[in-house]
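In the UniProt record's numbering, the protein residues as written are 1 to 233.
Where a beta carbon is used, it is the ideal one built from N, C-alpha and C, also for glycine.
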Amino acid sequence: MNPPRRRAAGYPILFYRENGTSSFCAFISTASGGVFSRKNKNMEEIEVKFLNINPKLTEKKLEGIGARKLFEKLYKRKVFDYPDLRLNEVGAWLRLRDEGDKINLTFKKRLGIKTDDGKTSDDSMEEIEVEVSNFEKTAEILNKIGLKEKFYEENRRIRYQLDDIEFDIDFWPGLEPYLEIEAPSWKKIDKAIKMLNLNPEDKKIFSTYQIYQLKGIDENDYREITFERMVKK
1 MNPPRRRAAG YPILFYRENG TSSFCAFIST ASGGVFSRKN KNMEEIEVKF
51 LNINPKLTEK KLEGIGARKL FEKLYKRKVF DYPDLRLNEV GAWLRLRDEG
101 DKINLTFKKR LGIKTDDGKT SDDSMEEIEV EVSNFEKTAE ILNKIGLKEK
151 FYEENRRIRY QLDDIEFDID FWPGLEPYLE IEAPSWKKID KAIKMLNLNP
201 EDKKIFSTYQ IYQLKGIDEN DYREITFERM VKK
């Protein structure tokens with residue numbers, strides 16, 4: 001059994017269980033705003049979005065190319081940052097999401113940021129994700145290490161899959177539906193776009209935050225965003 005790691009002063013430590021063994025995932029610096037330090041070649045999230053779609057027509061096209069419908073779910077999430085919003089300042093956030101059959105804790109960071117108004121795409125997205133067992137307890141842990149809940153949010157998702165390509169039709173409060181395509185390579189993203197006869201020029205590489213910005217809505221101004229209500233802070 002390995003000896004416990006010593007915690008440097010001011011540095012909360014986050015552990016997670018991977019492949020049945022305890023391993024060190026990352027550290028979060030309360031002093032300098034450093035974020036997840038674990039590096040691997042799979043950290044880039046390879047996905048694009050197509051906005052303002054017709055959900056029924058999109059489902060028909062997906063079925064036409066042989067994609068299989070996996071589920072339709074309501075997602076619930078809490079988004080966290082430090083009190084001084086240091087993650088937000090670098091285009092990053094920590095998301096705790098209940099997907100019904102599993103709960104994930106995810107660090108996300110925009111890469112190659114050009115603007116925040118949603119009019120230009122980023123280069124890509126960094127993502128590190130681990131599965132946790134309890135939504136509220138994990139939120140409590142995040143609060144204990146100095147993070148704060150920025151807002152609670154819900155969305156509805158319909159997922160299709162074709163081989164190793166995922167197609168998500170997303171519905172968000174106050175937004176038009178959009179299609180998200182995720183694949184293990186940009187080459188497969190291009191293949192999926194061609195199969196669906198979509199215009200490559202219409203693809204977007206950015207977060208839902210940027211889509212809200214296009215509508216003149218800043219998620220950070222709200223404490224709750226659901227289909228029933230949008231409550232400002």
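Tell me residue i's beta-bridge partners as DSSP assigns them.
i    : result
R95  : V79, T106
S124 : L111
K232 : Y222
E154 : K76
L57  : Answer by DSSP bridge pairing: none, since L57 is not bridged.
I181 : V48, F167
E129 : T106
If you draw a straight line from the alpha carbon of residue i to that of residue j, how long is it in whole angstroms?
i    : j    : result
R77  : Y152 : 6 Å
E201 : E140 : 43 Å
K187 : V90  : 28 Å
G146 : L94  : 13 Å
Mapping DSSP to helix, strand and coil, what is residue i?
i    : result
K203 : coil
D168 : strand
I65  : coil
L87  : helix
K148 : strand
E176 : coil
L162 : strand
L51  : coil
F71  : strand
D101 : coil
L214 : helix
F227 : coil
How would you call residue i, buried or exposed, if buried means at least 16 neighbouring beta carbons within 10 angstroms?
i           : result
T115        : exposed
S101        : Residue 101 is actually Asp in this sequence, not Ser. Label assigned to D101: exposed.
S207        : buried
residue 321 : The structure shown does not extend to residue 321, since the chain spans only 1 to 233, so no value can be given for it.
K61         : buried
K137        : exposed
K232        : exposed
E228        : exposed
E63         : exposed
D123        : exposed
Between the region 63-72 and the region 124-143, do three or more beta carbon pairs fall short of 8 Å?
-> No, the region 63-72 is not in contact with the region 124-143.
Is the region 177-194 close to the region 73-92, with three or more CB pairs under 8 Å?
-> no
Within the chosen definition, does the region 164-176 reach the region 48-62 through at least 3 CB pairs nearer than 8 Å?
-> yes
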